[in-house]
Amino acid sequence: MASITETELKKQIKSKQFSPVYLIYGSEQMFVKHYTQKLVDAIVGKKPSEFGFHQFSGQINLTDFAVAVQAAPFFSEYNCVLATDVFFDLMKPSEIDYFKEIAQSVGGASVLIISMPSYVPIKQAKAFQSIVKSVEKHGSVCKFDKLSQSMLERYIAKWANENGKTISHINASKLISYCGQDLNLLKNETEKISAYASGAEITLDDIDKLATTTNVEIKVYAMSDAVLNNDGQRAFTTLDNLMYQQEKPQIILSALSSAYVDAYRIRVADECGVLQNELVSDFDGYKSRAFALGKARTATRRVSTEALRKSLDVLVEADTKMKTSLKDQKTTFRPFMEQLIARLLLIAKEGRV
0 MASITETELK
10 KQIKSKQFSP
20 VYLIYGSEQM
30 FVKHYTQKLV
40 DAIVGKKPSE
50 FGFHQFSGQI
60 NLTDFAVAVQ
70 AAPFFSEYNC
80 VLATDVFFDL
90 MKPSEIDYFK
100 EIAQSVGGAS
110 VLIISMPSYV
120 PIKQAKAFQS
130 IVKSVEKHGS
140 VCKFDKLSQS
150 MLERYIAKWA
160 NENGKTISHI
170 NASKLISYCG
180 QDLNLLKNET
190 EKISAYASGA
200 EITLDDIDKL
210 ATTTNVEIKV
220 YAMSDAVLNN
230 DGQRAFTTLD
240 NLMYQQEKPQ
250 IILSALSSAY
260 VDAYRIRVAD
270 ECGVLQNELV
280 SDFDGYKSRA
290 FALGKARTAT
300 RRVSTEALRK
310 SLDVLVEADT
320 KMKTSLKDQK
330 TTFRPFMEQL
340 IARLLLIAKE
350 GRV
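Using numbering that gives the first Met the number 0, the first residue of the sequence shown is number 0, and each one after it goes up by one.
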């Protein structure tokens with residue numbers, strides 16, 4: 000058992016030769032969600048019995064989790080346990096160890112799937128890597144890293160073709176520059192433009208007119224830059240614009256968290272004497288966006304490392320609250336984000352150097 004590729008995961012799903020444990024994670028959330036569902040469908044079918052399929056998410060009860068993993072299948076060949084977006088950041092070291100013990104105990108007719116489609120541990124990053132290594136020994140780990148620019152362009156062309164359109168390499172690149180590198184967003188934008196474009200080919204004019212979600216990532220980075228420079232007016236104005244465009248709350252918070260993760264990584268790298276190009280080579284997600292590290296360094300030059308750590312804690316707390324407490328995000332997200340921006344502004348102000 001070890002790390003496996005997308006192709007190897009496909010083969011296991013098709014042949015139904017399952018590993019006892021799977022860990023599916025990575026930056027490309029669309030692939031994580033897609034293959035998690037494919038795996039579940041292959042193991043217990045599209046309409047699984049409640050006796051043979053157990054789901055856990057977020058802050059899980061480890062005792063119940065352990066019982067589910069050891070359960071015998073009823074009315075199905077396998078006992079499938081799916082744990083999605085487990086809040087490892089909220090776990091104590093002893094709980095992390097217990098989670099690994101449970102995962103290592105899986106056998107017989109049980110299959111455990113640990114899937115991280117939208118949550119990436121920040122505070123417990125090292126502990127999560129220990130879970131990755133543990134699963135590699137007992138099962139299969141499939142990580143979906145950020146796709147390269149050329150691969151993104153190929154997917155855009157594929158989606159355009161599926162909708163009866165063609166798109167040039169240059170225009171696909173332009174769409175990426177407008178919308179960022181999120182696969183879900185690019186797919187939605189390509190399908191929308193394909194539906195409304197009048198010609199057989201998607202033109203630059205079509206993109207300019209129809210790609211209304213103009214780079215959420217860039218706008219959120221601008222918002223984080225405003226916060227770190229104590230420019231509350233610009234930060235709240237950017238938030239207003241994002242809300243007006245009806246951007247998804249999860250995307251805004253995810254992009255904001257990414258901006259702070261970039262800032263913290265480059266700060267720690269600088270303090271440890273690690274060069275930026277070394278950091279880029281260590282993290283695949285930066286190979287096509289190394290510029291983000293330079294921007295993050297500039298934006299945080301007057302903010303202490305401790306303030307960045309506190310900000311990450313606040314963002315983890317916000318992410319947890321969004322997933323567990325916010326029921327009607329359409330009406331509660333604005334005040335929720337306004338309070339978050341206010342807290343981050345205060346931390347940045349108190350952490351000025």
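The beta-carbon is built from N, C-alpha and C at its ideal position, and this holds for glycine as well.
Annotated three-state conformation of Gly106 is coil, per DSSP. In chain order, Asp88, Leu311, Asp312 and Val315 place their CB closer than 8 Å to the CB of Lys122, counting only its own chain and leaving out the 5 sequence neighbours on each side. Three or more beta-carbon pairs drawn from the region 112 to 120 and the region 21 to 30 are found closer than 8 Å, and the two stretches are therefore classed as touching. By the Cβ neighbour-count rule, Tyr34 is buried, with 16 or more other Cβ atoms within 10 Å of its own. Selection Ser172, Ile265 and Ala317 evaluated against Thr297 yields Ile265 as nearest (Cα-Cα). In the DSSP assignment, Cys79 falls within the unbroken beta strand (DSSP E) covering Asn78 to Val85. In the DSSP assignment, the residues bridged to Gln54 are Leu81. Just so you know, the alpha carbons of Lys91 and Leu81 end up roughly 21 Å apart. DSSP places Glu49 outside both helix and strand once states are collapsed to three, so it counts as coil. In this structure, the alpha-carbon of Met242 lies about 18 Å from that of Asp318.
For Arg300, the closest C-alpha among the options Val352, Ala194, Ser172 and Ala341 is that of Val352. Per the DSSP secondary-structure output, Glu200 pairs in a beta bridge with Thr165. Under the Cβ criterion (8 Å, minimum of three pairs), the region 57 to 68 does not count as touching the region 220 to 238.
Linking Ala291 to Tyr77 through their CA atoms gives a straight-line distance of about 45 Å. Looking at the backbone, the Cα of Asp84 and that of His137 are separated by about 20 Å.
Spatial neighbours of Ile192 in its own chain (CB-CB distance under 6 Å, excluding positions within 5 residues in sequence) are listed in chain order as Ile201, Asp205 and Leu209. Taking a cut-off of 8 Å on C-beta distances, the region 144 to 158 does not touch the region 8 to 16, as fewer than three cross pairs fall below it.
Beta-carbon to beta-carbon, Ala199 and Lys164 are separated by about 7 Å, close enough to satisfy the 8 Å threshold.
Spanning the alpha carbons of Gly179 and Ile217 requires a straight line of approximately 8 Å. Leaving aside the five residues that flank Lys309 on each side, the residues in its chain whose CB is nearer than 8 Å to its CB run, in chain order, Ile346 and Gly350. A direct Cα-Cα distance of roughly 17 Å separates Leu182 from His168. One thing to note: Ala254 has its Cβ no nearer than 7 Å to the Cβ of Val302.
Closest option to Gly106, judged by alpha-carbon separation, among Glu49, Asp230, Lys45 and Pro19: Pro19. Distance from the CA atom of Thr331 to the CA atom of Leu339, rounded to whole angstroms, is 12 Å. Taking C-alpha positions only, Tyr154 is separated from Gly57 by approximately 31 Å.
Within the same chain, Val43 and Cys79 come within 7 Å of Phe52 by CB-CB distance, once the 5 residues on both sides are set aside. Secondary structure of Ile112 (DSSP, three-state): strand. Apart from the 5 residues on each side of it in sequence, Ala234 sits with its Cβ closer than 6 Å to the Cβ of Met222, Ala225, Val226 and Ile340 in its chain, given in chain order.
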